[in-house]
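Heads up, the thing below is written out as structure tokens.
2 protein chains.
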Amino acid sequence: MPVITDCVDCPLRRQPLFVPMSDEELAFQRRFKAGETHMQVGQEILSQGQASSAIYTVLSGMAVRSIMLEDGQRQVISFIFPGDLVGLHSGIMGEARHSVTAVTPVVLCTFPRNRIWRLFKTQPARAYDMTWIAAVEEHFLGETVATLGQRDATQRVAWALVRIWRRLVALRMETGGAVPFPFRQQDLSDALGLSVVHTNRVIVRLRGDGLAEISGRRLVMHDHARLSQVARLDMEKDDVRPIL
Amino acid sequence: MPVITDCVDCPLRRQPLFVPMSDEELAFQRRFKAGETHMQVGQEILSQGQASSAIYTVLSGMAVRSIMLEDGQRQVISFIFPGDLVGLHSGIMGEARHSVTAVTPVVLCTFPRNRIWRLFKTQPARAYDMTWIAAVEEHFLGETVATLGQRDATQRVAWALVRIWRRLVALRMETGGAVPFPFRQQDLSDALGLSVVHTNRVIVRLRGDGLAEISGRRLVMHDHARLSQVARLDMEKDDVRPIL
DNA sequence: GTCGCGCATTAACCTACGTTGACTTGAGAG
DNA sequence: CTCTCAAGTCAACGTAGGTTAATGCGCGAC
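Written as structure tokens, this is what we have:
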């Protein structure tokens, strides 16, 4: 039987990426958390079209959020990392409009759906944070739309790699100039609206140019500054965000 | 001096598209609303990079939400219609990451930023609605990402036209098989990641095929079912949403 | 009226990316 | 150790959509 992480000991909330929690918030959080769920690689945390009974914070592991279109094409909407909130809008709107699939083993904090309303009633600060999280998410999606709409293949791939890199660095998951990269090239291309073949062409070229490379399920960043330039991302500090 | 609409008389909240408000909510809303702002065509309701001091609900008129990229390209993130909430995440995150530009004269209900926190403290139901709105918005953005990532030009244009059509029909703005369409083809192409030239090719073809046409600042829908099919949008009822 | 201007429309040409299909590599199963 | 299967890589060729640039057209200014 695995031991459940007490929120007090949660390794995530101390990360500089996240807004610190007050003692009172922490106390509420411990009661709000109903338990933990463990998912295997390939398992669906959320399934498109299914009602979902809970929202989750990813404690560890990674996943992809994707929509399957009627004609069988898949769009990856976003990559999911530790600290991300999953299922907010299925929780609010009733039915999941997308799937979330684990690409590594994933541990989730579970917050039952029917407690969300209590959170809004008794914990306005936490409710505010939830809206804040939704706003951050929306901001990223806007950036994604801009990337898909206006960038060419090279810029898109560079953008995705830099975004993933920065997020994992902020989570202190960088070791020896590399971060875990459990996504397949197929996931990347489904996220960027490119064919796998062309995504691969770009990745090979970026590697040849000494900018970054993917090898052994890890992303090795050789030249963050130059790759950011290719991606047209400035070097601005990532904003902190709340965590549930 | 223009007369300010009392929330009690607000023509929007009665529309079937929106979740009805309780008397108590309505009472709060009247105090929450600080006033109205009128914008001219071309004016910016929100400017990318500027701090914004308020959030707004669009009472009437239309706008586009867009990002200007460093190299001068513009991505239209979404089209804004009456009932939409504008500036939620600039309000929460401090600085606007995108611009919102009026494409018709626009009337806005103004909610000062510093009252948002009071809303969360005293009106959990309204706070919940705000999160709900953010979730609906996020859902649409996800659909946009999927459209830009996986659809070809014809499907994209059809998708945009159907989305706009349905929203304006839900707002009861349809007359004689047509709705107002104040957007330029340039706006459409910036939203869909296409060149104006190609967008025009598609529009001309859709018109020739008797599906829909844009003429005289109006969108005439000749065959909603068939166009929806082209857009790969099913005929599902649009969900209701709250309004602030 | 007619001038000026932003927007829609069209045609000719070109390229970035998709498609198909074959080959390689590597990791886990037995 | 080697078999298998999924993922990565690569080349050849085709096409959707970009680019450029010219023309048409309504509409407000005066």
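So the sequences go chain by chain: A and B.
First residue of the first sequence? That's 1 in this note's numbering, and the numbers climb one at a time after it.
First residue of the second sequence? That's 1001 in this note's numbering, and the numbers climb one at a time after it.
Backbone N, C-alpha and C fix where the C-beta goes; we use that ideal spot for every residue, glycine too.
Quick caveat, the model's predicted, so the values are computed rather than measured.
**Message:** Using beta carbons (cut-off 8 Å, strictly below), is I1080(B) in contact with chain A?
**Reply:** Position 80 of the second sequence, counted from the start, is the residue given in the question as residue 1080(B). Answer no: the Cβ-Cβ gap between I1080(B) and chain A never drops below 8 Å.
**Message:** Distance cutoff 8 Å, beta carbons only. Does G166(A) sit that close to anything in chain B?
**Reply:** Translated into positions along the first sequence, residue 166(A) becomes position 166. Checking the sequence shown, residue 166(A) turns out to be Arg, not Gly. No, no contact with chain B.
**Message:** Ignoring anything shorter than 4 residues, give me the alpha helix (DSSP H) runs that lie fully in the region 1055 to 1099 of chain B, in order along the chain.
**Reply:** 1088 to 1093
**CB of L253(A) within 8 Å of CB of L119(A), strictly** = Lying outside 1 to 244, the shown extent of chain A, residue 253(A) is not represented and no answer is given.
**Asked** Which two residues bound the contiguous alpha helix (DSSP H) that contains M1130(B)?
**Response** Walking along the second sequence from the start, residue 1130(B) turns up at place 130. 1124 to 1150 is the extent of the alpha helix (DSSP H) around M1130(B).
**Item:** Nearest candidate by alpha-carbon position, reference K121(A), set A225(A), F32(A), P11(A), R232(A)
**Value:** Along the first sequence, one-based indexing puts residue 121(A) at 121. Nearest option by C-alpha distance: F32(A).
**Request:** Ignoring anything shorter than 4 residues or poking outside the region 154 to 235 of chain A, list the alpha helix (DSSP H) runs there in chain order.
**Result:** 185 to 192, 196 to 208, 224 to 231
**Selected residue, minimal CA-CA separation from S189(A), among P182(A), F181(A), H198(A)** = Start at 1 with the first residue of the first sequence, and residue 189(A) comes out as number 189. Minimum Cα distance to S189(A) is reached at H198(A).
**Request:** Report yes if the C-beta distance between R218(A) and A178(A) is below 8 Å; otherwise report no.
**Result:** Counted from its first residue, the first sequence places residue 218(A) at position 218. Counted from its first residue, the first sequence places residue 178(A) at position 178. Going by C-beta atoms, R218(A) is nearer than 8 Å to A178(A).
**Message:** I'd like to know if M1235(B) contacts chain A, where contact means its C-beta is closer than 8 Å to some C-beta of that chain.
**Reply:** Taking the second sequence and counting its residues from 1, one reaches residue 1235(B) at position 235. So no, M1235(B) is outside the interface.
**Asked** By a C-beta neighbour count over all protein chains shown, 10 Å radius and 16 as the cutoff for buried, is P16(A) buried or exposed?
**Response** In the first sequence, counting from the first residue as 1, residue 16(A) sits at position 16. It counts as exposed.
**Message:** Going by DSSP, what residue range makes up the alpha helix (DSSP H) through F1028(B)?
**Reply:** The count along the second sequence starts at 1 and reaches residue 1028(B) at position 28. Residues 1023 to 1032.
**Request:** List the residues of chain B whose Cβ lies closer than 7 Å to the Cβ of A134(A), in chain order.
**Result:** Taking the first sequence and counting its residues from 1, one reaches residue 134(A) at position 134. Neighbours of A134(A) on chain B, chain order: T1131, A1134, A1135, E1138.
**Message:** As a quick exercise: from L12(A), V3(A), Q75(A), pick the residue whose alpha carbon is nearest that of V1145(B).
**Reply:** For this step, residue 1145(B) is matched to residue 145 along the second sequence. With distances taken between Cα atoms, V1145(B) lies closest to Q75(A).
**V1145(B): contacting residues in chain A (beta-carbon distance under 7 Å)** = By one-based count along the second sequence, residue 1145(B) stands at place 145. Here the neighbours are Q75, I77, L141, T144, V145, L148.
**Asked** Taking just the CA atoms, how far does T1175(B) sit from H1224(B)?
**Response** For the purposes of this step, residue 1224(B) is taken as residue 224 along the second sequence, with counting starting at 1. For the purposes of this step, residue 1175(B) is taken as residue 175 along the second sequence, with counting starting at 1. Between H1224(B) and T1175(B), the C-alpha separation is close to 15 Å.
**Request:** List the residues of chain A that A1127(B) touches, going by C-beta distances under 8 Å, in chain order.
**Result:** For the purposes of this step, residue 1127(B) is taken as residue 127 along the second sequence, with counting starting at 1. What A1127(B) touches in chain A: F120, P124, A127, Y128, T131.
**Item:** Where the region 191 to 213 of chain A meets chain B: residues whose CB sits under 8 Å from a CB there
**Value:** A191, L192, G193
**Request:** Can you have a look at Y1132(B) and say buried or exposed, based on whether 16 or more other CB atoms are within 10 angstroms of its CB?
**Result:** Translated into the one-based positions of the second sequence, residue 1132(B) becomes position 132. The residue asked about is misnamed: residue 1132(B) is Trp in this sequence, not Tyr. W1132(B) should be labelled buried.
**Prompt:** In three-state terms, what does DSSP make of L1119(B)?
**Reply:** In the second sequence, the residue the question calls residue 1119(B) occupies position 119. Note: L1119(B) maps to helix in three-state DSSP.
**Asked** Comparing the CB of E1025(B) with every heavy atom of the ligand GDP, is any distance shorter than 7 Å?
**Response** The model on display carries no ligand, and the ligand GDP is accordingly not part of it.
**Asked** Whole-angstrom Cβ separation of I116(A) and G83(A), contact assumed at under 8 Å?
**Response** One-based indexing of the first sequence puts residue 116(A) at position 116. One-based indexing of the first sequence puts residue 83(A) at position 83. Not quite, the Cβ-Cβ distance comes to about 19 Å (not below 8 Å), so this is no contact.
**Message:** Output needed for V1240(B): all residues of its chain with C-beta closer than 8 Å, excluding positions within five of it in sequence on either side, in chain order.
**Reply:** Here residue 1240(B) refers to the residue found at position 240 of the second sequence. P1016, L1017, F1018, V1019.
**Request:** Report the residues of the region 1082 to 1096 of chain B with a CB closer than 7 Å to any CB of chain A, ordered along the chain.
**Result:** L1088, H1089, I1092, M1093
**Prompt:** Under 8 Å, do D1187(B) and V1100(B) count as touching if we go by C-beta distance?
**Reply:** As a first step, residue 1187(B) is located in the second sequence; it is residue number 187 there, counting from the start. As a first step, residue 1100(B) is located in the second sequence; it is residue number 100 there, counting from the start. Against a cut-off of 8 Å, the Cβ pair of V1100(B) and D1187(B) comes out as no contact.
**Prompt:** How close, in whole Å, do the beta carbons of L1046(B) and S1052(B) come, if the pair is a contact with beta carbons under 8 Å?
**Reply:** Counted from its first residue, the second sequence places residue 1046(B) at position 46. Counted from its first residue, the second sequence places residue 1052(B) at position 52. Going by Cβ atoms, the distance from L1046(B) to S1052(B) rounds to 6 Å, so yes, they are a contact pair.
**Request:** Note down, in chain order, every chain B residue with its Cβ under 8 Å from the Cβ of D239(A).
**Result:** Your numbering for residue 239(A) matches position 239 in the first sequence. Going along chain B in sequence order, the residues near D239(A) (Cβ under 8 Å) are M1093.
**Request:** Please check if any C-beta of chain A sits within less than 8 Å of the C-beta of I1004(B).
**Result:** As a working note, residue 1004(B) is residue 4 in the second sequence. Closer than 8 Å: no.
**Prompt:** Just how far apart, CA to CA, sit G72(A) and R226(A)?
**Reply:** Start at 1 with the first residue of the first sequence, and residue 72(A) comes out as number 72. Start at 1 with the first residue of the first sequence, and residue 226(A) comes out as number 226. Between G72(A) and R226(A), the C-alpha separation is close to 36 Å.
**Message:** Under DSSP, the beta strand (DSSP E) around V1041(B) begins and ends at which residues?
**Reply:** To locate residue 1041(B), count along the second sequence from 1; it is residue 41. No beta strand (DSSP E) holds V1041(B); DSSP gives it neither H nor E.
**Message:** Using 8 Å as the threshold, is the C-beta distance between G87(A) and I67(A) below it?
**Reply:** In the first sequence, the residue the question calls residue 87(A) occupies position 87. In the first sequence, the residue the question calls residue 67(A) occupies position 67. Not a contact, by the Cβ cut-off of 8 Å.
**Request:** Identify, in the order they occur along the chain, each residue of the same chain with its Cβ nearer than 8 Å to the Cβ of L1069(B), setting aside the five sequence neighbours on each side.
**Result:** Translated into positions along the second sequence, residue 1069(B) becomes position 69. Within the same chain, L1069(B) has close Cβ partners Q1075.
**Message:** Can you give me the C-alpha to C-alpha distance between V202(A) and E1137(B), rounded to a whole angstrom?
**Reply:** For the purposes of this step, residue 202(A) is taken as residue 202 along the first sequence, with counting starting at 1. For the purposes of this step, residue 1137(B) is taken as residue 137 along the second sequence, with counting starting at 1. Distance between the alpha carbons of V202(A) and E1137(B): 32 Å.
**Prompt:** From the beta carbon of R1232(B), is the nearest beta carbon of chain A less than 8 Å away?
**Reply:** Residue mapping note: residue 1232(B) aligns to position 232 of the second sequence, counting from 1. With 8 Å as the cut-off, R1232(B) counts as an interface residue toward chain A.
**Prompt:** Taking just the CA atoms, how far does I214(A) sit from P1124(B)?
**Reply:** For the purposes of this step, residue 1124(B) is taken as residue 124 along the second sequence, with counting starting at 1. For the purposes of this step, residue 214(A) is taken as residue 214 along the first sequence, with counting starting at 1. Their backbone Cα atoms lie some 46 Å apart in a straight line.
**Request:** Quick one: using the 10 Å Cβ neighbour count with 16 as the cut-off for buried, is V1150(B) buried or exposed?
**Result:** On the second sequence, position 150 is the one that residue 1150(B) refers to. The amino acid at residue 1150(B) is misidentified as Val; the sequence shows Gln. Classification for Q1150(B): buried.
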